[in-house]
Every structure is written in C-alpha cells, then in structure tokens.
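Undergrad:
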Amino acid sequence: MKTVDITYRYEARDTPEESGPLDSDAALRRLDDGNRAFAAILESLAEGSGPVQRIVPVDARDLGLLLGADETPKQRPFAAILGCSDARVPVELIFSEGPNDLFVVRVAGNGLGGDVLGSLRYAVNHLGGSLKLIVALGHSGCGALTAAVDVFLNPAGYLSVVTKHSLREIVDGLLVVVQASANAMLRAFGPNVVSNPGYRRALIETSIVTNAALAAYAIHQEFGMNDPASLRAVYGVYLLETREVWAPRLGEIKGMGLAAPPQDAAGFVELGNAIVQSNRIASLIAQTETL
Ligand SMILES: [Zn+2]
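Quick note on numbering: the sequence shown equals residues 238 to 528 in our numbering.
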C-alpha cells in the first residue's frame, strides 16, 4: 500500500495576507476542489506504490505566529459549514482547508436548532467581510437520520426516546424529512418498494440528502440572502465510502460537489425525484438482501 502524507505547512510570509475567495462561486469552487483533491489522494492508496503527498499551505499568522505581542489573528473564514458531529467527518480535512478558513458548527444530524442558528447568525453579522458561503453538510450512514427512519418504520421504537427529551428533539426534527423522502420513493417505485430488502437503507440515504437540502433552504430564508454573489447557502452529502461530496441533480448522472437547494415545494419534489433516480439510491433498491 502507498504512503499518503497530508501536510499542513505553516509558512512565515512577509507578504500581505491573501484575501479569500471573492464571491460565493469562487468559495464553492474552492471547497469542491479541496474535497476532490482529498478524495483523489486517498483513492490513490488503492493503486500502485510509493508515497503521495498533499500540502495544505497555512499562513502562520492565522495561528497567531509572527504577530505583535498583543495581537491575535483576525477571524476570516470564507465559508460556514453546518455539519454532523459524526467523528468520521472531519470538516477541515475533507475540504483540504486549514485554520481560519472555515467557521464550523457541528451537531448530530446537522439540524437547525436555536444554538446552530445563533452561531450562524454570528458568522453572518460579524464575519461578513470574508464569509461567502454557508454549507449544510450531511453524510452517508448518519446515525441521527437512521434513528428517525427507524422510528418512522416502527413507531413503537419512539417509546425508547419519548422521555429522553434531548434525543427526542433531534428525532422529532427529522421526521418530516423522512416522510417526504418516503413519499418520493413511493412515487418513483410504487407501493411495493416498502417490502424491498434495500428499502430502509435507501430511505435513510434519501432522507440524509433531503435533510441537508432543507437545512440549506432554511438558512437561505433565515438570513435573507438577497445577493447570491456575496453570500449564499448550498448543501451536499459527504460519502464515507468514497470521501466525496454528493448532491444529486436531475439530468446529472453523478451529481458530485455542492449544490444550491430547491427554491420552493416544486423544487423539493424535483430534488426528491433526482435523489431516488440516482445510481446510488437505485443500487440500494436493487439489493436482494436486507442491508
Ligand atoms: Zn451524522
């Protein structure tokens, strides 16, 4: 097996601090490029031999080095990321970013509770000079969505969380997304889909995408993003299997990279169709044994 080194190289620079991406498109491209590079270098582990290295350059000043005795680095993230707490999704690493690049909020199931919205509100109000993008990032195999799907499929399971208010709050907040995802699967595959061995896994994965897209839609509404060039909300799902970010779209077979959320109810129906028609979900439905 190859050796892969991902190096955060702190450089002492005497040049002015580099400005981050100038608009939301450039911010999105930078995150997509960073994730593709991360996924590619790890994919290369499976091939050939010999070391592979990727260097993530870091301005030492972002860690408070080389500054005056009383100076601290100024916060200047170009993107805010709402992700899941899941330990397998280290946000800076999967986007090849370093300190002071990302304003990260992580909660189980990447839901939009009061603390999350307050944190994002802080970023929008105080870091607007550098902030160009807010990302709602789900991930495959999410435990929070899995719990919600299991309650949806077997409501008796709700009894085990009904008095655990903190857990119940997370599950309650996800059930609408699961219901909408189940509807999309019924529309696409017909009523017999529920007895398919891959149905549960397909419903979990469909719900994960829908949940991230709904969060991005809500963030867009919450913060009234009137100028999409200066700040906008997007979503994606980090696939633990391939380490790539996925956001299915109609007419695009692979649908890799971050995407804009739907704008209205019709857009969510269209997204539901794109998700269930994707190769990924279709292959789960095609399973002949329970996953
Ligand atoms: Zn999760």
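No residue lacks a Cβ here, since even glycine has one placed at the ideal position from N, Cα and C.
With 16 as the cutoff for other CB atoms within 10 Å, does His363 come out buried or exposed?
TA: Your numbering for residue 363 matches position 126 in the sequence shown. His363 is classed as exposed because its beta carbon has fewer than 16 other beta carbons within 10 Å across all chains shown.
Undergrad: Which of the three DSSP states, helix, strand or coil, is assigned to Leu489?
TA: Within the sequence shown, the letter at position 252 stands for residue 489. The sequence given here has Glu at residue 489, not Leu. Residue state, collapsed to three classes: strand.
Undergrad: Hey, is Asp323 close to ligand 1, as in C-beta under 6 Å from one of its heavy atoms?
TA: The residue given as residue 323 occupies position 86 in the sequence shown. Checking the Cβ of Asp323 against ligand 1 gives yes.
Undergrad: Which ranges would you report for the alpha helix (DSSP H) in the region 430–496 if only whole runs of at least 4 residues count?
TA: 436–460
Undergrad: Is Ala283 near ligand 1, with its Cβ less than 6 Å from a heavy atom?
TA: In the sequence shown, residue 283 corresponds to position 46, counting from 1. Ala283 Cβ: outside cutoff for every heavy atom of ligand 1.
Undergrad: I'd like to confirm the pairing. Which residues does DSSP put opposite Gly320 in its beta bridges?
TA: One-based indexing of the sequence shown puts residue 320 at position 83. Gly320 pairs with Arg343.
Undergrad: Thinking just about the alpha-carbon of each residue, which of Ala502, Ser256, Arg486, Ala274 is nearest to the one in Lys311?
TA: Taking the sequence shown and counting its residues from 1, the one referred to as residue 311 is at position 74. The option with the nearest alpha carbon to Lys311 is Ser256.
Undergrad: When you compare the CB of Leu357 with every CB in chain C, is at least one pair closer than 7 Å?
TA: As a matter of chain content, chain C is missing from the structure shown, which is built from one protein chain.
Undergrad: Have a look at the DSSP bridge pairing and note the partners of Arg291.
TA: Position 54 of the sequence shown, counted from the start, is the residue given in the question as residue 291. Ile243.
Undergrad: State yes or no: is the C-beta of Ala276 within less than 7 Å of the C-beta of Glu481?
TA: What you label residue 276 is simply residue 39 of the sequence shown in a count that begins at 1. What you label residue 481 is simply residue 244 of the sequence shown in a count that begins at 1. Closer than 7 Å, so yes.
Undergrad: Based on Cα-Cα distance, which residue from Gly435, Ile371, Asn448 lies nearest to Asp409?
TA: Here the question's residue 409 lines up with position 172 in the sequence shown. If we check each option's Cα against that of Asp409, Asn448 comes out closest.
Undergrad: Evaluate Val399 with the Cβ neighbour count: other Cβ atoms within 10 Å of its Cβ, from every protein chain shown; 16 or more gives buried, anything less gives exposed.
TA: Reading the sequence shown from its first residue, position 162 is the one you call residue 399. Result: exposed.
Undergrad: Is it the case that the CB of Ala381 approaches a heavy atom of ligand 1 more closely than 6 Å?
TA: One-based indexing of the sequence shown puts residue 381 at position 144. Answer for Ala381: yes, Cβ within range of ligand 1.
Undergrad: Which same chain residues, not among the five before or five after Arg266, have their C-beta less than 8 Å away from its C-beta?
TA: Mapped onto the sequence shown, residue 266 falls at position 29. Excluding sequence neighbours, Arg266 sits near Pro258.
Undergrad: Which class does Leu259 belong to by DSSP, given the choice of helix, strand or coil?
TA: By 1-based counting over the sequence shown, the position of residue 259 is 22. DSSP places Leu259 in coil when its eight states are reduced to three.
Undergrad: Who pairs with His376 in a beta bridge, going by DSSP?
TA: For the purposes of this step, residue 376 is taken as the residue at position 139 of the sequence shown. For His376, which the question treats as bridged, DSSP gives the partners Tyr475.
Undergrad: Whole angstroms are fine: how far does the CA of Gln500 sit from the CA of Arg246?
TA: Here residue 246 is taken as the residue at index 9 of the sequence shown, counted from 1. Here residue 500 is taken as the residue at index 263 of the sequence shown, counted from 1. Taking the straight line from one Cα to the other gives about 40 Å.
Undergrad: Shortest alpha-carbon distance to Thr239 belongs to which of Val289, Gly492, Val328, Asp251?
TA: Counting from 1 along the sequence shown, the entry for residue 239 is found at position 2. Looking at the sequence provided, one finds Lys at residue 239 rather than Thr. Checking every option, the nearest Cα to that of Lys239 belongs to Val289.
Undergrad: Do Leu382 and Asn347 have their C-beta atoms closer together than 7 Å?
TA: Position 145 of the sequence shown, counted from the first residue, corresponds to residue 382. Position 110 of the sequence shown, counted from the first residue, corresponds to residue 347. Taking 7 Å as the Cβ cut-off, Leu382 and Asn347 do not qualify as a contacting pair.
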